[in-house]
């Protein structure tokens, strides 16, 4: 992988997840994600729209781009699997991701509300296996 | 349309265009756009990948979201047509869009380079007709 792509995937920039919706149309949603061991990992509540759509058609894309010019852009296209994420692993994953995006202090505040007294319940993990990763500057 | 959706589409935030690529996979690309008369308009060089893909399958999405929490998100899903954009109209459109995103001074600087001495040639206009516009806060 282009090291500039890996660098951009490591920055706390919201990812843009593309998938085919249950209506057959492409959809794009901003998501928190983590790039780990070559996969793009996204947490989701159980039964959410994106998880249901991806369980039906796992083809997906994730793009990350900077807000200002020159736009640095990384575009991942690949196959997503939707896995059950038991409560304990879910708390670990969402904690890591919230702190990645919000920092330690605001991340902890977020998690306090999110975790509903420590019992957010099970969730889902969307695991996107890249087939192609492109980096470009626009 | 929810007035908060119209407001967000009017801000100079890069849009995230979702479409089905020539490989059959969803793709997401950051684009400058303008929301005009109910349509989402995107300029493109002639023969670019997104235009070729959308000419084959016009189903598309465009999302806009704020960079910081609370994330305000507008998601447009609809049908795109790819129209030829003659040089004169192309210059007008790209000028409006560059100034919308970069402001008057930086927009003019951008256009100076972009227009290749006033003759950028013909291009394409991607016209996305919304079927559904959703606004939400995350």
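Chains as they are written, first to last, in this note's numbering: chain U, 1 to 138; chain X, 1001 to 1138. Virtual Cβ for every residue (Gly too), placed ideally from N, Cα, C.
Go through its chain and collect everything with a Cβ distance to residue 1002(X)'s Cβ below 6 Å, but skip five positions before and after it.
1135
Residue 22(U) versus residue 52(U): straight-line alpha-carbon distance, rounded:
8 Å
Are residue 1045(X) and residue 1101(X) close, meaning C-beta to C-beta below 7 Å?
no
How about residue 117(U): is its C-beta nearer than 7 Å to some C-beta of chain X?
no
Inspect the CB distances between the segment 124–135 of chain U and the segment 68–77 of chain U and report whether three or more fall short of 8 Å.
yes
For residue 15(U), collect the residues of the same chain with a Cβ closer than 6 Å to its Cβ; drop the 5 residues on either side in sequence, then sort them by chain order.
31, 33, 62 and 64
Nearest to residue 1009(X) (by Cα), restricted to the options 1026(X), 1078(X) and 1040(X):
1040(X)
Proximity below 7 Å, CB of residue 129(U) to CB of residue 57(U)
no
Can you list the residues of chain X that residue 97(U) reaches, using a CB-CB cut of under 8 Å?
Per Cβ cutoff of 8 Å: no residues; residue 97(U) is ~13 Å from chain X at best.
Determine, for residue 130(U), whether the minimum Cβ-Cβ distance to residues of chain X falls below 7 Å.
no
Mapping the DSSP letters down to three states, classify residue 1135(X) as helix, strand or coil.
strand
Alpha-carbon spacing of residue 1113(X) relative to residue 82(U), whole angstroms:
45 Å
Our contact map puts residue 59(U) next to residue 1026(X) with C-beta atoms below 8 Å; I'd like the distance itself, whole angstroms only.
6 Å
I think residue 1085(X) touches residue 1118(X), with their Cβ atoms under 8 Å apart; what is that distance to the nearest whole Å?
The Cβ separation is near 16 Å, so there is no contact.
Residue 19(U) vs residue 54(U) beta-carbon contact at 7 Å:
yes
With distance defined between alpha-carbon atoms, name the residue in 95(U), 138(U), 67(U) and 127(U) nearest to residue 1110(X).
138(U)
When you compare only the Cα positions, how much space is there between residue 43(U) and residue 1115(X)?
43 Å
Return the chain-ordered list of same chain residues with a C-beta closer than 7 Å to the C-beta of residue 1097(X), the five sequence neighbours on each side being excluded.
1032, 1034 and 1043
Which chain X residues sit within Cβ distance under 8 Å of residue 59(U)?
1024, 1025 and 1026
Run down chain B in chain order and give the residues with a C-beta less than 7 Å from the C-beta of residue 19(U).
Going by chain labels, chain B is absent from the structure shown, which instead holds the protein chains U and X.
Per-residue DSSP class, three states only, for residue 1093(X):
helix
Selected residue, minimal CA-CA separation from residue 68(U), among 1089(X), 1038(X), 1050(X) and 1107(X)
1107(X)
Got a sec: is the Cβ-Cβ distance from residue 63(U) to anything in chain X below 7 Å?
yes
With distance defined between alpha-carbon atoms, name the residue in 1037(X), 1049(X), 1036(X) and 1038(X) nearest to residue 1029(X).
1049(X)
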